[in-house]
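Structure record follows, encoded as structure tokens.
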Amino acid sequence: MEGDALRLFLGGVRGSTPASGPEFVRYGGHTSCVALAHDGEPPTLLLDAGTGLRQVTPLLDGAPFDGTLLLGHLHWDHTQGLPFFSAGDNEDARVDLFMPAQGDPIKVLERMVSPPFFPISPVELRGKWSFGGLEPGSYEFEGFSVAALEIPHKGGRTFGFRISDGTATITYMSDHSPIAFGGGPVGLGEYHEAARSLVANTDLLIHDSQHTAKEFAELSFLGHSAAEYAVGLAEACGASKVLLFHHSPSRTDDQMDEILQACRAGYGFPIEAARDGRIIDLSGIG
Numbered sequence: 296m297e298g299d300a301l302r303l304f305l306g307g308v309r310g311s312t313p314a315s316g317p318e319f320v321r322y323g324g325h326t327s328c329v330a331l332a333h334d335g336e337p338p339t340l341l342l343d344a345g346t347g348l349r350q351v352t353p354l355l356d357g358a359p360f361d362g363t364l365l366l367g368h369l370h371w372d373h374t375q376g377l378p379f380f381s382a383g384d385n386e387d388a389r390v391d392l393f394m395p396a397q398g399d400p401i402k403v404l405e406r407m408v409s410p411p412f413f414p415i416s417p418v419e420l421r422g423k424w425s426f427g428g429l430e431p432g433s434y435e436f437e438g439f440s441v442a443a444l445e446i447p448h449k450g451g452r453t454f455g456f457r458i459s460d461g462t463a464t465i466t467y468m469s470d471h472s473p474i475a476f477g478g479g480p481v482g483l484g485e486y487h488e489a490a491r492s493l494v495a496n497t498d499l500l501i502h503d504s505q506h507t508a509k510e511f512a513e514l515s516f517l518g519h520s521a522a523e524y525a526v527g528l529a530e531a532c533g534a535s536k537v538l539l540f541h542h543s544p545s546r547t548d549d550q551m552d553e554i555l556q557a558c559r560a561g562y563g564f565p566i567e568a569a570r571d572g573r574i575i576d577l578s579g580i581g
């Protein structure tokens, strides 16, 4: 792969439902979407299609999208942006959409995007769209190497992704319920085999951090992780940097600052909280 930087654009970083209001300005309120681009090029690989997908269109300077969209799972906060992605709903667009395999992908998506719940169905989106199902394995999409593994998350088949362009590696685990495999070392969930494989020595771990450790016992039934679990997993697996992601829709900016400060205590690697609109360059990392 030519070039010396893997660029990420964070279109949406919330979980469950969008958040709006003055308390949510700094971290943003769109739901999950991350766009990946090769050095100096427009984004061609998208991870999830929450309302943050709308923010990808301005990155293309009026051009139609030409690339691949991977859905980690099919909950509303990861699919609601699909019919509002104007760069994809374009006569000249190409969008190859893949989801965890679970029957005919078009019929599955039509359970959310079709009348009476929405005016059109996915096959009515303009441009050249294709829809496919993924099994766990290794793939090549748009010049990126992608490992997809199944991870536990309540309410449907869910994948985590490990993605490399040859210069850097990111791991994307937006929704993850490791407590399904037991309490693990501190009661927040096991560092199980799939998680370890996805995270091992990654340059950047983007991980579900919807809860705090203090909240976890009461809220773990919802199928998410605590921020402290994400940091512990990163340390156990040699990740270079952690990006806390999929923030609770009720979490204010000030509360996010407090969580971030608490998570950073005692760790020797960078820990940040994802913000809508943030661009991250992983430059020159082997």
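Quick note: the sequence shown, position 1, residue 296 per this note's numbering, numbers continuous. Ideal Cβ placement from N, Cα and C applies to all residues, glycine included.
Separation of residue j from residue i, as counted between CA atoms
i, j, result
"MET296", "VAL320", "Summary for MET296: the model assigns pLDDT 38, below 50, so the residue's position carries little reliability; its value from the coordinates is reported in the next sentence. Going by the C-alpha atoms only, they are around 37 Å apart."
"THR464", "LEU493", "10 Å"
"GLU336", "VAL481", "42 Å"
"ARG389", "GLY478", "43 Å"
"SER315", "PRO378", "21 Å"
"PRO395", "LEU517", "20 Å"
"HIS519", "ALA495", "21 Å"
"THR374", "PHE426", "14 Å"
"LYS536", "ILE566", "6 Å"
"GLY398", "THR453", "14 Å"
"PHE456", "PRO431", "10 Å"
Local Cβ density within 10 Å of residue i, reported as buried at 16 or more and exposed below that
i, result
"ASN385", "buried"
"GLU523", "buried"
"TRP371", "exposed"
"PHE412", "exposed"
"TYR467", "buried"
"PRO317", "exposed"
"ILE574", "exposed"
"ASP571", "buried"
Rounded Cβ spacing between residue i and residue j (contact assumed at less than 8 Å)
i, j, result
"PHE380", "THR352", "7 Å"
"SER504", "HIS448", "In fact, because the Cβ distance is near 14 Å, the residues do not count as touching under 8 Å."
"ALA300", "ASP334", "4 Å"
Is there contact here, the region 318-332 with the region 347-366, by at least three beta-carbon pairs under 8 Å?
yes
With three or more C-beta pairs closer than 8 Å as the rule, is the region 520-533 touching the region 481-491?
yes
What beta strand (DSSP E) runs, 3 residues minimum, are completely inside the region 389-414?
389-395
Unbroken stretches of the alpha helix (DSSP H), 4 residues or longer, contained in the region 298-351
Listed in chain order, there is nothing to give.
Three or more C-beta pairs below 8 Å linking the region 412-420 and the region 360-369:
no
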